[in-house]
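Engineer:
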Amino acid sequence: MMKDATIWKGNPVNIRNYYKELMKDINNRNFLVNTVDDIIENEKFEEPLVLSNTLDYPDPVISESVPKINEEVFKELNIKNQGDCLFDYDGTLVEVKPKPEDAKPTKELIEFFLKHKDRIVLCIGRAQEIIDSWFPKGISVYAEHGAMFRNSEGEWEFLNGATKGVIQEVKDLICYYSLRLKDSIVEKKTCGYVFHFKLCKQPNAELIVKKLIRDLSNLRLVYKGFSVIRGKGVIEIKQGCRGTVAKNCTPWMVAGDDVTDEYMFANAPKALKVKVGQGPTSADYFVDSVQDFLNFVSFVLSE
Numbered sequence: 001m002m003k004d005a006t007i008w009k010g011n012p013v014n015i016r017n018y019y020k021e022l023m024k025d026i027n028n029r030n031f032l033v034n035t036v037d038d039i040i041e042n043e044k045f046e047e048p049l050v051l052s053n054t055l056d057y058p059d060p061v062i063s064e065s066v067p068k069i070n071e072e073v074f075k076e077l078n079i080k081n082q083g084d085c086l087f088d089y090d091g092t093l094v095e096v097k098p099k100p101e102d103a104k105p106t107k108e109l110i111e112f113f114l115k116h117k118d119r120i121v122l123c124i125g126r127a128q129e130i131i132d133s134w135f136p137k138g139i140s141v142y143a144e145h146g147a148m149f150r151n152s153e154g155e156w157e158f159l160n161g162a163t164k165g166v167i168q169e170v171k172d173l174i175c176y177y178s179l180r181l182k183d184s185i186v187e188k189k190t191c192g193y194v195f196h197f198k199l200c201k202q203p204n205a206e207l208i209v210k211k212l213i214r215d216l217s218n219l220r221l222v223y224k225g226f227s228v229i230r231g232k233g234v235i236e237i238k239q240g241c242r243g244t245v246a247k248n249c250t251p252w253m254v255a256g257d258d259v260t261d262e263y264m265f266a267n268a269p270k271a272l273k274v275k276v277g278q279g280p281t282s283a284d285y286f287v288d289s290v291q292d293f294l295n296f297v298s299f300v301l302s303e
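For the sequence shown, the tail end lands on 303 under our numbering, and the numbers increase by one without skipping.
1) To the nearest angstrom, how far is it from the Cα of R230 to the Cα of E76?
2) Would DSSP call N34 helix, strand or coil?
3) In terms of residue numbering, what span does the alpha helix (DSSP H) encompassing W134 cover?
4) Below 9 angstroms between beta carbons: does that hold for I237 and F195?
5) Taking E111 as part of the alpha helix (DSSP H), name the residues at either end of that continuous run.
6) Count the other C-beta atoms from every protein chain shown that fall within 10 angstroms of the C-beta of F299, then say buried if there are 16 or more, exposed otherwise.
7) Spell out the partners DSSP gives C85 in its beta bridges.
8) By a C-beta neighbour count over all protein chains shown, 10 Å radius and 16 as the cutoff for buried, is Q278 buried or exposed?
9) Tell me whether the beta-carbon of V170 lies closer than 9 angstroms to the beta-carbon of F87.
10) Quick one, which of P203, K232, N295 has its alpha-carbon nearest D257's?
11) Would you give the residue range spanned by the beta strand (DSSP E) that Y177 belongs to?
12) Should the region 182-196 be regarded as contacting the region 120-136, the criterion being three or more beta carbon pairs within less than 8 angstroms?
13) Leaving out five residues before and five after F149 in sequence, what residues of the same chain have Cβ atoms less than 6 angstroms from its Cβ?
14) Whole angstroms are fine: how far does the CA of I185 sit from the CA of F197?
15) In terms of alpha-carbon separation, which member of E144, A103, N78 lies closest to G165?
16) Does the distance from the C-beta atom of N70 to that of F265 stay below 9 angstroms?
17) Strictly by DSSP, which residues pair up with H196?
18) Starting from V276, trace the beta strand (DSSP E) in both directions and tell me its first and last residue.
19) Looking at C-alpha atoms only, which residue of S282, V61, D261 is the closest neighbour of V245?
20) Using C-beta distances below 6 angstroms, list every residue in its chain close to G138, excluding the 5 sequence neighbours before and after it, in chain order.
21) Quick one: give me the first and last residue of the beta strand (DSSP E) that R214 is part of.
22) For V297, which of helix, strand or coil comes out of DSSP?
23) Which residues share a DSSP beta bridge with T244?
24) Thinking Y285 and V274 are a contact (beta carbons under 8 angstroms), I'd like their distance in whole angstroms, please.
25) Which term fits M1, buried or exposed, when burial requires 16 or more other beta carbons within 10 angstroms of its beta carbon?
Structure below.
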């Protein structure tokens with residue numbers, strides 16, 4: 001049985017040897033027995049909020065509770081309503097779906113974006129191909145968490161040193177775990193991958209997911225240039241950082257629902273920051289649901 005990479009934590013040379021051994025087993029199809037399950041069976045894990053961050057921007061300062069915002073509270077705040085609104089998509093403007101392809105925007109939502117195209121900028125995790133398919137020209141979008149940007153004319157550019165493709169060892173590793181975890185989905189993007197495990201029901205699914213996170217984090221000691229973040233039923237392997245987007249475009253309002261959005265909140269100190277859903281956050285306010293946020297932002301942008 002292969003050794004566990006965690007015993008070499010902090011030693012890139014030995015971790016590189018571990019991954020050579022792991023990839024050899026994967027290529028020889030010897031990984032179907034005595035690998036992940038044996039390693040993780042009795043382990044305990046503690047996960048930080050953000051597992052591996054590549055960019056030197058402030059970490060979110062998390063509060064256990066923040067006040068709720070609605071139309072009445074917004075009026076009382078007497079905030080000057082101007083500037084761009086930087087919004088996440090999945091879980092903020094549409095409900096999170098078990099299958100990523102099921103979250104396509106409705107005709108009404110597209111019309112709303114186009115009506116406010118001079119105010120709304122999207123910052124989402126979706127790939128370039130999905131954005132071009134779902135969102136017509138006129139809507140400005142930061143894709144793959146800020147690795148790429150499409151302007152209102154439909155023109156694309158890479159940002160902050162992001163490049164097309166991803167390290168082969170990263171691809172091999174997540175494909176290996178996908179074969180171990182029934183009903184998981186590997187989504188390929190231009191600058192990274194997403195490992196979806198929302199549909200996974202096998203008893204040891206959570207342990208396998210945590211082991212994948214640990215292996216990916218260890219792999220970063222050898223291969224730099226990507227981040228590993230766990231979201232709602234997903235693990236993101238990405239080059240972009242939403243904190244960079246928020247810092248560069250200085251939005252008037254920021255909204256999101258997940259761990260990745262906390263970096264937008266942390267790097268937009270002067271913005272009105274709204275978390276969709278309850279729970280610890282670095283945002284200023286929260287709303288209960290996607291529909292509540294849609295109602296709120298419709299009111300705000302009509303003022």
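Yeah, the Cβ is synthetic: ideal placement off N, Cα and C, and Gly gets one too. Note that the structure is a prediction, hence the values are computed from the model and not measured.
Structural biologist: Quick answer:
1) By one-based count along the sequence shown, residue 230 stands at place 230. By one-based count along the sequence shown, residue 76 stands at place 76. Whole-angstrom Cα-Cα distance: 36 angstroms.
2) Position 34 of the sequence shown holds residue 34. Below a pLDDT of 50, predicted positions are generally treated as unreliable, and N34, at 39, falls in that range; the measurement from the model is reported next regardless. Of the three classes helix, strand and coil, the one that applies to N34 here is coil, per DSSP.
3) Translated into the one-based positions of the sequence shown, residue 134 becomes position 134. 128-134 is the span of the alpha helix (DSSP H), which, as asked, contains W134.
4) In the sequence shown, counting from the first residue as 1, residue 237 sits at position 237. In the sequence shown, counting from the first residue as 1, residue 195 sits at position 195. Yes, Cβ-Cβ distance for I237 and F195 is below 9 angstroms.
5) Counting from 1 along the sequence shown, the entry for residue 111 is found at position 111. First-last of the alpha helix (DSSP H) with E111: 107-115.
6) As a working mapping, residue 299 is identified with position 299 in the sequence shown. So F299 ends up on the exposed side.
7) What you label residue 85 is simply residue 85 of the sequence shown in a count that begins at 1. I120, M253, per the DSSP bridge assignment.
8) In the sequence shown, counting from the first residue as 1, residue 278 sits at position 278. Exposed is the call here.
9) Numbered from its first residue, the sequence shown carries residue 170 at position 170. Numbered from its first residue, the sequence shown carries residue 87 at position 87. No. Outside cutoff.
10) Sequence index remark: in the sequence shown, residue 257 carries index 257 (1-based). The candidate whose alpha carbon is nearest that of D257 is K232.
11) In the sequence shown, counting from the first residue as 1, residue 177 sits at position 177. Taken as a continuous stretch (DSSP letters only), Y177 belongs to no beta strand (DSSP E), being part of the alpha helix (DSSP H) at 168-180.
12) yes
13) By 1-based counting over the sequence shown, the position of residue 149 is 149. Cβ neighbours of F149 beyond the five flanking positions: Y142, E157, L159.
14) Within the sequence shown, the letter at position 197 stands for residue 197. Within the sequence shown, the letter at position 185 stands for residue 185. Going from the Cα of F197 to the Cα of I185 covers about 7 angstroms.
15) Taking the sequence shown and counting its residues from 1, the one referred to as residue 165 is at position 165. The candidate whose alpha carbon is nearest that of G165 is E144.
16) For the purposes of this step, residue 70 is identified with residue 70 of the sequence shown, where counting begins at 1. For the purposes of this step, residue 265 is identified with residue 265 of the sequence shown, where counting begins at 1. No, they are not a contact pair.
17) On the sequence shown, position 196 is the one that residue 196 refers to. In the DSSP output, where bridge partners are listed per residue, H196 has I185, V234.
18) Position 276 of the sequence shown, counted from the start, is the residue given in the question as residue 276. Looking at the DSSP string, the run of the beta strand (DSSP E) that includes V276 is 272-276.
19) If you number the sequence shown from 1, residue 245 lands on position 245. Ranking the options by Cα distance to V245, first place goes to D261.
20) Working through the sequence shown from its first residue, we reach residue 138 at position 138. Closer than 6 angstroms at Cβ, skipping near neighbours: L114, K117, S152.
21) As a position in the sequence shown, residue 214 is number 214, starting the count at 1. That residue, R214, is in no beta strand (DSSP E); its alpha helix (DSSP H) goes 205-219.
22) In the sequence shown, the residue the question calls residue 297 occupies position 297. If DSSP states are grouped into helix, strand and coil, V297 belongs with the helices.
23) In the sequence shown, residue 244 corresponds to position 244, counting from 1. DSSP output for T244 lists no bridge partner at all.
24) Position 285 of the sequence shown holds residue 285. Position 274 of the sequence shown holds residue 274. Going by Cβ atoms, the distance from Y285 to V274 rounds to 5 angstroms, so yes, they are a contact pair.
25) For the purposes of this step, residue 1 is taken as residue 1 along the sequence shown, with counting starting at 1. Any reading at M1 must be qualified, since the residue scores a pLDDT of 34, below 50, and its modelled position is unreliable; the value itself is stated next. Looking at its Cβ environment, which holds fewer than 16 other Cβ atoms inside 10 Å, M1 is exposed.
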